[in-house]
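So the structure is just underneath, and the comments pick up after that.
Numbering (this note's numbering), first residue to last: 117 to 537.
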């Protein structure tokens, strides 16, 4: 543990670079509360990945000073745009509107998640300079080192590959707070033990309500899953996938906030997060689209059942979703040869439907035992939604969609399921 104490400066710099630029931008756009903090890593990554590539193209060296300039310019553009086209709550003063005010129960919930995550993640990694035995780890570390040695943080250095993960770490390591290997390990801790709990608590509070019990449960649950983030810290090593998944709940939370408030600034903040997710790992965008569509379909069906919306209108909206979804699946193999190749991919470790169901519901991924405490927590959550928060039934639909897709991926050998999943 003493070794980890020496990495505190790197932890602080990595956290500030990941959180502060995006937070300033989305606050300027009018996003408020925990959602603004939760989505800020994706927006920060977009700023870093995009403008690091632009800087290389125009012959400007990338570093913390250019990032500061880009951030201030983006905040200025956001403030100007909101003054011209947006609208803020009239009862908030300028300082409160920009700085916000943290809610104690949310802070406690996040602290629960952070402490539990650190207590499990740090021992599992071992030492900060521990190298995972994986070709993927070597590739990612080598690319970060290449960025630092060449000063070129572009998406095409040395070959085209999403640069969000590598550019964030390399930018943070420029002051010399850590070497590449320990710095990267600390970065994964920031993602798993800070960004993930913040995103989970923000999403749960916006999807299920601000009940203190639910908020605390969200903080606990964020650190209770072995499948994520713990497994992705060492399996693969799929570090960009880890980062993209950790950032997805925050983006989804802001999307739900924007859908309910219908504020243009919050929608712009959500849109600003999308390039960041795509430049880390594009499958995060696919997950976000899936969650959004499932939420929309479930919400429309609920509106029809409660007579808040006529059934012809519900049928029309669902038909549009079906046409877009089917059309996208049919067009994807034609547009992308890589997507088409997934239909012929053979995975030899297929399992039965029942085994796949136990793995995804019981958390038995890469481990031999079912996490019964987690199963109970999921059951209590579904029961609470059914009895006390029926407006959040789309959350259950999103979970069911994840379960179905996992079962399809783990148990089916059909070519169409490979494309869908």
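Using N, Cα and C, we set each Cβ at its ideal position, and we do this for glycine too.
Query: Boundaries of the alpha helix (DSSP H) in which residue 220 is found, first to last residue; Result: 220 to 241
Query: Contacting residues, own chain, Cβ-Cβ under 7 Å from residue 528 (five flanking each side not counted); Result: none
Query: 8 Å contact criterion, which residue 274 and residue 262 should meet: CB distance rounded; Result: 6 Å
Query: Segment limits, alpha helix (DSSP H) that includes residue 338; Result: 328 to 338
Query: Proximity of residue 479 and residue 490 at Cβ, strictly below 7 Å; Result: yes
Query: Inter-residue Cα distance where the pair is residue 146 and residue 508; Result: 25 Å
Query: 8 Å contact criterion, which residue 385 and residue 155 should meet: CB distance rounded; Result: 6 Å
Query: Residue from 368, 137, 499, 378 whose Cα sits closest to the Cα of residue 405; Result: 368
Query: Spatial distance of residue 284 from residue 164 (CA atoms); Result: 7 Å
Query: Nearest to residue 347 (by Cα), restricted to the options 334, 361, 416; Result: 361
Query: Element boundaries [alpha helix (DSSP H), containing residue 256]; Result: 251 to 266
Query: Option in 424, 441, 420, 440 with minimal Cα separation from residue 431; Result: 420
Query: contact_flag[the stretch 324 to 336, the stretch 234 to 250] where n(CB pairs < 8 Å) is 3 or more; Result: no
Query: Residue of 483, 501, 471, 510 minimising C-alpha distance to residue 524; Result: 471
Query: Own chain partners of residue 383 with C-beta closer than 8 Å, once the 5 adjacent residues on each side are dropped; Result: 374
Query: Anticipated Cβ contact below 8 Å, residue 299 with residue 289, distance rounded; Result: 5 Å
Query: Backbone secondary structure at residue 382 - three-state DSSP; Result: helix
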